[in-house]
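Residue numbering for the sequence shown follows our numbering, beginning at -5 and increasing consecutively. Below is one structure, written out as structure tokens; comments come after it.
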Amino acid sequence: MRYEVHRTRVPGSLPCRVIAKLQPLTWRVIVGEGVGQLDGGIEQDWSDDELPFEFRRPNAVFFAIGPY
């Protein structure tokens, strides 16, 4: 899945939070934090290619549009 990632909220974006690095090239991300599934969002695994460098740390918050 490819998402368009933004540092600030843009129309149609969902808040996301990085939880942890699971494997050398995989990050666990909550997509839609505070939206749906009892306000917990959906956990997804993102590769290093999908997650920009500035957000590759635990508790990083960003906004995503997609998937494309």
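Note that CB positions come from ideal geometry on N, CA and C, so glycine has one too.
task: Label leucine 8 either buried or exposed according to how many other C-beta atoms from any shown protein chain fall within 10 Å of its C-beta, with 16 as the threshold for buried.
output: Within the sequence shown, residue 8 is the residue found at index 14, counting from 1. By the 10 Å Cβ count, leucine 8 comes out buried.
- request: Work out the CA separation of glutamate 27 and arginine 3 for me, nearest whole Å.
  value: Along the sequence shown, one-based indexing puts residue 3 at 9. Along the sequence shown, one-based indexing puts residue 27 at 33. Taking the straight line from one Cα to the other gives about 13 Å.
- request: Determine the direct distance from the alpha carbon of proline 18 to that of alanine 54, and round the result to whole angstroms.
  value: Mapped onto the sequence shown, residue 54 falls at position 60. Mapped onto the sequence shown, residue 18 falls at position 24. Taking the straight line joining both Cα atoms gives about 18 Å.
message: Which same chain residues end up closer than 6 Å to tyrosine 59 when comparing Cβ atoms and leaving out the 5 residues on each side of it in sequence?
response: Mapped onto the sequence shown, residue 59 falls at position 65. Checking the sequence shown, residue 59 turns out to be isoleucine, not tyrosine. Cβ neighbours of isoleucine 59 beyond the five flanking positions: Glu(-2), Gly6 and Ser7.
message: Could you tell me the alpha carbon to alpha carbon distance between glutamate 44 and glycine 34, rounded to whole angstroms?
response: Within the sequence shown, residue 44 is the residue found at index 50, counting from 1. Within the sequence shown, residue 34 is the residue found at index 40, counting from 1. One alpha carbon belongs to glutamate 44, the other to glycine 34, and they sit about 21 Å apart.
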